[in-house]
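Throughout, our numbering is defined as the position within the sequence shown, counted from one, plus 2.
We put the beta carbon where it would ideally sit given N, CA and C, even for glycine.
Since the structure is predicted, the reported quantities are computational estimates derived from the model, not experimental observations.
The next block holds one structure in the form of structure tokens; read it before the comments.
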Amino acid sequence: MQIITGKYRARKLIHPEGESTRPTLARIKESVFSILPLSFDGAVVLDLFAGSGAYGLEAFSRGAKTVILCDSDKRAIAAIKKNARGMVGDIRIEEKDCFDVLQSLSNKGVKLDFVFLDPPFASELGEKVIAFIEAHDMLSENGIIVYEHSIDKKSLPKVLKRYIINKSKAYASVVVDFIKQDK
């Protein structure tokens, strides 16, 4: 996998070793970014369960002002650090539980323009993270949550109160939901 476009275009990305992470397929990442705006100028981006950091680093290459990459796996953090090496700007790498990072950002009043959310498929972490972001009003007015999950995950609509699934794309056994505030 590599960065598709922007300042760091064609930069090769490595994946964490081991089986604790499930790398996003290159074709899914390309499809996601074809749906999102080409420019991320000035955006604040959170990449939770970042794995290799592919989503967040792509956004940074496209002009994001701040990118926070979070993963609790040491091998993922090592891969993210290698992938981000030499990138100049506000890239924060957090080896913490996702809710610790979310709480810290919420306490600081940070508004997120893009959230990339790719939790372990067998967990309910995605729904819990979305509920936290919504309850703490962390998404900017035009912010988007990109939620990658298993095709058999059907509980998401139960979590949404003020947010809507604006678009949904299926890729074999994976679905990507684009979630926005309901205006």
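Please identify the residue among the options whose C-alpha is closest to the C-alpha of residue i.
i: L107; options: A80, R64, L50, A172; result: L50
i: G91; options: L71, F62, K155; result: F62
i: V174; options: E150, R164, K182, L114; result: For clarity, residue 174 is Ala in the given sequence; the question names Val instead. Here the closest residue by C-alpha is E150.
i: H17; options: G44, D99, D73, V69; result: D73
i: R64; options: F35, F118, L15, I153; result: F35
i: E126; options: D115, K110, S152, N109; result: S152
i: N168; options: I70, K182, A28; result: K182
i: I30; options: A137, D120, V46; result: D120
i: E1; options: V161, E19, S170; result: Because the chain here runs from 3 to 185, residue 1 falls outside it and cannot be looked at.
i: S33; options: L158, K155, V148, D154; result: V148
i: A124; options: V176, T7, K67, V47; result: V176
i: A86; options: H138, V131, R11; result: R11
i: F101; options: E143, A137, Q4, N144; result: A137
i: Q105; options: D154, L48, R13; result: L48
i: I166; options: N144, A172, D154; result: N144
i: G8; options: F116, A133, M89; result: M89
i: G44; options: D154, S142, K155; result: S142
Would residue i pass as a contact of residue j if the rule is Cβ separation under 8 Å?
i: M140; j: V112; result: yes
i: D184; j: R164; result: yes
i: V69; j: I37; result: no
i: L114; j: E96; result: no
i: K67; j: V46; result: yes
i: I146; j: L59; result: no
i: F42; j: F118; result: no
What is the DSSP secondary structure of residue i, counted as helix, strand or coil?
i: S33; result: helix
i: Y10; result: coil
i: A174; result: coil
i: K160; result: helix
Could you tell me which whole alpha helix (DSSP H) segments of length 4 or greater appear in the region 79 to 149? 100 to 109, 127 to 137
Which runs of the alpha helix (DSSP H) spanning at least 4 residues fall entirely within the region 46 to 85, listed in chain order? 56 to 63
Report yes or no: do the region 81 to 96 and the region 53 to 60 share at least 3 C-beta pairs separated by less than 8 Å? Per the Cβ contact rule, the region 81 to 96 is in contact with the region 53 to 60 (3 or more Cβ pairs under 8 Å).
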